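Step one of this worksheet: look at the structure below.
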Amino acid sequence: MLSVRLYEDEQFSQLNTNHERIDYVLTNVWNFDKFRSMIETNVQWNKVRYGKCLSTSQNYREEGDKMMKHDFDTNQIKEAYVNAIIHAPMKYDEHLIQLYQKMSEIERKHDKYESALYLINRAIDISQLWSIDTSNYLEMLVDKVELLKLTQRFHSAQKLIHNLSSNDQQLFDTVLLNRLYELKQDIDQLIDKSMLATTEQNDINQDYRSTCSFKIDSRCKIETSSKVGRHFIATDTIPSGELILNERPYSTVLNKEFLRQKCSNCYRELSFKLHPCSYCTEVLFCDSNCAKKAYDSFHRYECRMLSMLFDISHSSSLHVFRMISRIGPIQAYDLERSLLKTYSVDKFLCDIDQNNSKELKHFCMYKMYTLLLDHDEKHELAENVQHTLNAIEIAVMLDLVHNYRHQRSDHKFLLDFIVMVMVDLRRIGYNVFGWQQFDSDWSLMGNIANSLCLIGSLINHSCVPNTQWGFSKNGIIQFVTNRTIEAGQEITISYGTYQTMDYEKRLRRLGQYHFQCNCNACFDNVRHDLSVRCTNCDGPIMAIEYSSPLIHFGLCTLCHNTMDKFNEPVNRLNQIIQSVSTIYHIFKLIPLECFAQQSIELMESICKLSFTSSRPVITTIFKCSKSIRNFIKEDHLELDHRTQISLSIVNILVDHFDILCNEFGLSQM
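Sequential numbering from 1 applies to the sequence shown in the UniProt record's numbering.
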């Protein structure tokens with residue numbers, strides 16, 4: 001495997017930048033054209049595998065027919081027919097119409113009239129699309145009248161009867177005419193004044209936009225700080241339970257197991273709805289409206305390649321592929337190059353309000369996306385290997401679809417473009433929200449999707465958040481306050497860690513995001529852990545590990561100042577603890593004055609470097625004081641000398657007396 005080969009390549013491991021890594025792979029391992037040739041072969045194979053196939057559809061239909069004949073379980077029969085519909089090419093309309101009719105009949109027999117009506121409508125729509133004029137078409141319309149009656153859509157049924165009655169009566173056979181006449185009589189009797197006032201159920205789906213939209217509470221404001229970056233604050237008191245942000249994600253990628261449960265455009269539960277893509281077998285939609293919107297926006301680029309993109313790096317590769325495809329690879333590249341440190345959140349909020357053009361909104365949203373954190377330089381060798389190869393694969397697939405190298409063929413552009421894709425992949429990992437499905441008892445049932453939120457991603461983390469977030473049934477993310485937030489306070493959410501979790505576990509989890517949480521819970525924990533005292537504000541400094549075991553710098557939890565060469569004080573702390581432990585054990589055997597003096601110096605050093613609220617520091621002080629206490633009890637010491645040593649200890653401990661007493665009862669010294 002290429003990834004293993006690169007991971008073991010000493011030259012690759014010494015490279016420092018993304019440009020160097022990508023250039024090394026394309027120059028020394030495989031060139032771009034070789035990658036392209038290999039991936040193009042796989043793409044062609046996938047297009048066959050996930051394309052429509054009449055014979056496969058017919059096999060599923062025959063399977064369903066056999067199961068129906070032998071009274072198999074209804075769900076098994078329906079599954080066979082669903083697969084037959086998904087695999088059926090659109091041009092074989094009669095075959096598709098009959099499948100939808102069969103499905104409608106099954107649902108009707110089981111009194112599932114809503115789904116039966118939806119399915120017969122699909123059959124009718126296909127008939128109208130291909131201008132099929134048969135007696136079967138009229139029979140389907142009469143079936144629809146009956147289902148409209150059964151679902152209490154009496155006025156719609158009456159209107160359809162009127163339209164049918166206007167047709168040439170010779171087109172109807174006697175049985176159909178009699179059936180239609182009986183239905184008309186029934187429906188006329190059912191319509192009365194009380195029913196006239198009843199609003200019928202709307203069959204038309206709400207027009208969900210496939211692009212990002214959001215609404216921010218007027219009491220919230222986005223600010224930028226050198227200490228905590230972009231963040232939300234409250235400009236007025238916000239009570240508990242208030243919806244402060246409602247956002248349709250910029251990009252949502254359904255997990256594979258939910259592709260047949262959710263519409264791939266509006267993300268609503270499909271239930272009985274069954275509208276496959278016209279060209280592939282991988283995605284389903286609510287109706288033709290959703291199918292068209294998704295196809296025009298993003299699906300036409302990935303159609304029959306969805307599984308390949310998933311296999312590159314799960315949902316991240318699909319997010320990146322879709323976002324770049326929406327505006328075009330060259331346009332995306334030019335946008336990112338021109339935006340370097342010139343675009344802002346405020347500019348985005350202004351642009352998105354002023355631009356009504358769908359195309360311009362896409363450009364605005366992509367520009368906003370480039371502002372989100374990517375932590376590009378903070379990755380280990382394994383991640384650098386994987387991201388390098390993934391970026392090249394995505395760049396190749398973008399070229400296969402958009403042929404951007406026909407416009408820009410120079411090597412420098414290619415390197416820069418793949419670097420952009422690589423950074424995009426990393427940016428996705430730090431800014432997506434997991435849409436999860438829970439049972440009635442709140443146990444996790446599954447991960448529905450990953451969603452990229454342009455505005456929600458600006459809200460900072462706290463292990464004691466004042467705001468909760470969650471998804472609605474159609475993929476809208478909602479942020480609701482869980483306690484009163486006063487004016488001027490920062491609005492926070494949890495990135496997956498809460499104060500009830502073990503502190504070390506929280507640190508490891510948040511380490512994936514490369515930042516140190518400074519919430520009250522973490523501040524309290526960090527003072528009790530082994531931390532370095534900040535020389536700027538006296539706050540605790542903890543390590544930010546970008547690539548274990550190398551610690552790049554320390555970050556003060558209080559003032560957010562960074563300490564370069566953080567390894568030095570950390571190593572010094574560990575040396576002190578080790579030295580004190582050694583002296584403590586030697587002192588029992590050899591109570592020399594030099595050890596007592598050294599213990600005093602070490603005690604002074606550790607109190608300056610760290611905090612006496614820290615358990616390791618308290619233990620160290622206890623060992624020092626016990627060693628010294630045993631030493632001053634020695635009879636050969638003069639009283640003045642004893643007093644001098646005792647005062648040295650007292651001067652050190654006086655500021656920390658209460659803490660030490662609570663922990664070890666040092667008041668008895």
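Beta carbons: idealized from backbone N, C-alpha and C, even for Gly. This structure is a prediction, so every number in the text was calculated from the model and none was measured.
So is residue 196 buried or exposed if we call it buried at 16+ other beta carbons inside 10 Å?
-> The pLDDT assigned to residue 196 is 42, lower than 50, so where the model puts this residue is not dependable; a value taken from the coordinates is nonetheless given after this. With fewer than 16 Cβ atoms within 10 Å of its Cβ, residue 196 is classed as exposed.
Ignoring anything shorter than 4 residues or poking outside the region 16–56, list the alpha helix (DSSP H) runs there in chain order.
-> For the region 16–56, whole alpha helix (DSSP H) runs of length 4 or above, ordered along the chain, are 18–24 and 32–49.
Exposed or buried, what is residue 594 when buried is set at 16 or more other beta-carbons lying within 10 Å of its beta-carbon?
-> Around the Cβ of residue 594, a 10 Å sphere holds fewer than 16 other Cβ atoms; the residue is exposed.
Closest to residue 392 by CA distance: which of 10, 15 and 37 is it?
-> Out of 10, 15 and 37, 37 has the C-alpha closest to the C-alpha of residue 392.
Going by CA-CA distance only, name the one from 463, 149 and 97 that's closest to residue 124.
-> Cα-wise, what sits closest to residue 124 is 97.
Name the DSSP beta bridge partners of residue 76, please?
-> Note: residue 76 sits in no beta bridge, so no partner.
Roughly how many whole angstroms lie between the Cα atoms of residue 4 and residue 385?
-> About 9 Å.
Can you tell me the Cα-Cα spacing of residue 20 and residue 390, whole angstroms?
-> Going by the C-alpha atoms only, they are around 16 Å apart.
Where does the unbroken alpha helix (DSSP H) through residue 608 begin, and where does it stop?
-> Counting along the chain, the alpha helix (DSSP H) containing residue 608 begins and ends at 593–609.
Residue interval of the beta strand (DSSP E) (run including residue 480) | Counted as a single uninterrupted DSSP element, the beta strand (DSSP E) harbouring residue 480 occupies residues 477–481.
Do you know offhand how far residue 218's Cα is from residue 317's?
-> Taking C-alpha positions only, residue 218 is separated from residue 317 by approximately 35 Å.
Given residue 80 as reference, the closest of 182, 90 and 106 once Cα atoms are compared | If you compare the alpha carbons of 182, 90 and 106 with that of residue 80, the shortest gap goes to 106.
Straight-line Cα distance separating residue 516 from residue 225 | When rounded, the distance between both Cα atoms is 16 Å.
Taking the alpha carbon of residue 275 as the point to measure from, which residue in 163, 94, 573 and 85 has its own alpha carbon closest?
-> Considering only alpha carbons, the answer is 85.
Measure from the alpha carbon of residue 533 to the alpha carbon of each residue in 521, 509, 563 and 505, then state which is nearest.
-> The alpha carbon of residue 533 has as its nearest neighbour, out of 521, 509, 563 and 505, the alpha carbon of 563.
Whose C-beta lies closer than 7 Å to the C-beta of residue 246 among residues of the same chain, with five residues either side of it excluded?
-> So the list reads 214, 215, 476 and 478, once near-sequence residues are dropped.
Would you mind working out which of 437, 520, 425 and 45 sits nearest residue 257, comparing C-alpha positions?
-> Minimum Cα distance to residue 257 is reached at 437.
Where residue 537 sits in the DSSP three-state scheme = The three-state reading of DSSP puts residue 537 in coil, since its state is none of H, G, I, E or B.
For residue 8, is the classification buried or exposed, using 16 other Cβ atoms within 10 angstroms of its Cβ as the cut-off for buried?
-> Result: exposed.
Please say whether residue 428 and residue 299 have beta carbons closer to each other than 8 Å?
-> Here residue 299 is not near residue 428, since their CB atoms are 8 Å or more apart.
Among 176, 234 and 292, which residue has its Cα nearest to the Cα of residue 481?
-> Selected option, being the one with the closest Cα: 234.
Please work out which residues of its chain come closer than 7 Å, Cβ to Cβ, to residue 372, disregarding the five sequence neighbours upstream and downstream, and give them in chain order.
-> The beta carbon of residue 372 lies closer than 7 Å to those of 427, 431 and 457 in the same chain, with the five residues before and after it left out.
Residue 366 and residue 323 closer than 8 Å at C-beta = Taking the C-beta atoms as reference points, residue 323 is found nearer than 8 Å to residue 366.
Helix, strand or coil: how does DSSP classify residue 310 here?
-> Under the three-state reduction of DSSP, residue 310 is assigned to helix.
Residue 23 versus 237, 336, 417 and 255, residue with shortest Cα-Cα distance = Considering only alpha carbons, the answer is 417.
How do the region 402–409 and the region 303–317 stand: do at least 3 beta-carbon pairs fall below 8 Å, yes or no?
-> Contact between the region 402–409 and the region 303–317 is absent, with fewer than three C-beta pairs closer than 8 Å.
Would you kindly work out how many angstroms separate the C-alpha atoms of residue 469 and residue 493, rounded to a whole number?
-> Their backbone Cα atoms lie some 7 Å apart in a straight line.
Any idea what DSSP makes of residue 220, helix, strand or coil?
-> Three-state DSSP puts residue 220 in a strand.
Take residue 369 and list the residues in its own chain whose beta-carbon comes closer than 7 Å to its own, dropping the five residues that flank it on each side.
-> Same-chain partners within the cutoff: 250, 323 and 454.
Would you mind working out which of 465, 628 and 420 sits nearest residue 331, comparing C-alpha positions?
-> Among 465, 628 and 420, the Cα nearest to that of residue 331 belongs to 420.
Answer yes if the region 488–506 comes into contact with the region 517–527, meaning at least three C-beta pairs across the two stretches below 8 Å, and no otherwise.
-> Between the region 517–527 and the region 488–506 there are three or more C-beta pairs closer than 8 Å, enough to call the two in contact.
Rounded to the nearest angstrom, how far is the Cβ of residue 606 from that of residue 573, given a contact under 8 Å?
-> That pair is a contact at about 7 Å.
Checking contacts by CB at 8 Å: is residue 448 closer than that to chain C?
-> Judged by its chain identifiers, the structure shown contains no chain C, having just a single protein chain.
State the DSSP-derived secondary structure class of residue 249, mapped to helix, strand or coil.
-> Note: residue 249 maps to coil in three-state DSSP.
Quick one, which of 229, 228 and 238 has its alpha-carbon nearest residue 220's?
-> Considering only alpha carbons, the answer is 238.
Output the distance between the C-alpha atoms of residue 575 and residue 555, rounded to the nearest integer angstrom.
-> Approximately 21 Å, taken between the alpha carbons.
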